[in-house]
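If you want the working numbering, it's the 1-based position in the sequence shown plus 28.
Positions of the beta carbon are idealized from the N, C-alpha and C atoms, including for glycine.
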Amino acid sequence: MKNILKIDDRVFNLVEFAVKAMLYEVSSYPSPGLVSPVSNGAHKDMDYYTFLKSTASLIKPMVICANEGFKAKNENELFLQIRNCGKEAEEYMMIRTKGVNTHRGMLFLMGITISAVAFSMKNNLGFQNISTVIKNMCDGIVEKELKNSNLCGELTHGETLYKKYGFKGIRGEVENGLSIIFNYSLPFYEGLKNNSNDNLEENQLLIKTLIKIMCKCDDSTIIYRHDFKKLDYVKKKANNILDELNESNTFKERIEELNKEFIRENISPGGSADLLAITIFLYDIKNKFFK
């Protein structure tokens, strides 16, 4: 297809992978406590179609973020540009979902990641350098946006948790270059993909990777709804299930049981779901652009 726009073709490649990753995440099932095509999970204000509308609303900001990555002279300039875009995108997303927060965390994470990938490609950096770019982009974000800010009025979940517990949340993760993905969930997902056969569906790979992330993720959605004690409980449950990874029948049954429990107990590992989408995205762009 001929590109008549003055935008690098690779921008659209990156956005395609970003949208695919977000759709893969919400389409996987059973995803304990999360929205899927067959369940609203532990959510009463949204369903699968809310997520589809929300994902569609993020296409334009993803194009802008990726394009800024190819244009920016340095990481600091890049972050300032996409942060402004992100705030406008969040407002538009909330309009499309009629005030339901479906993708605020995802928008933050994917916007930073897709722009960092574009910046790395423009400057001929290796795949592992993407983590460093993210770290440089977000250097001091906790101090700037949480520690030294006047947190008042209507706060986000992340701001609320920092004010209450000093919990850094996803800002702490990006400040650390998303090491939880580059050093943990992505190698795990790659291992599953490399060792899978035709009988192992993509859906199973996604659920197994989600459970792996839940073992380690300090999930702000769980803490916001409950507390740190509940987070520890979720991590232990995820670790126990992961031990049964090779017992495919038992694994599936345990996941379905966990889904029912999470719905009953109002537990949603939304932060882990966001990290799953970023894991999928990075896997795809690594194999497409960084071989």
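- Under the 10 Å beta carbon count, residue 210 is surrounded by 16 or more other beta carbons and is classified as buried.
- In the DSSP assignment, residue 309 falls within the alpha helix (DSSP H) that extends over 298 to 317.
- Taking the C-beta atoms as reference points, residue 78 is found no nearer than 8 Å to residue 51.
- Listed as beta-bridge partners of residue 67 by DSSP are 64.
- When 111, 147, 141 and 129 are compared, the shortest CA-CA separation from residue 102 is found for 147.
- Looking only at 86, 104, 96 and 106, the smallest Cα-Cα distance to residue 133 is reached by 86.
- Judged by their CB atoms, residue 137 and residue 306 are nearer to each other than the 8 Å cut-off.
- Residue nearest to residue 69 within the set 315, 285, 310 and 316 is 285 (criterion: CA-CA distance).
- The DSSP-derived three-state label of residue 266 is helix.
- Residue 185: member of the alpha helix (DSSP H) spanning 185 to 193, first to last residue.
- When the Cα atoms are used, residue 195 and residue 155 turn out to be separated by approximately 29 Å.
- In this structure, the straight-line span from the alpha carbon of residue 110 to that of residue 165 is close to 10 Å.
- Looking at the backbone, the Cα of residue 215 and that of residue 238 are separated by about 13 Å.
- A straight line joining the alpha-carbon of residue 246 with that of residue 149 spans about 30 Å.
- About 28 Å separates the beta carbons of residue 127 and residue 170, which is beyond the 8 Å limit, so they are not a contact pair.
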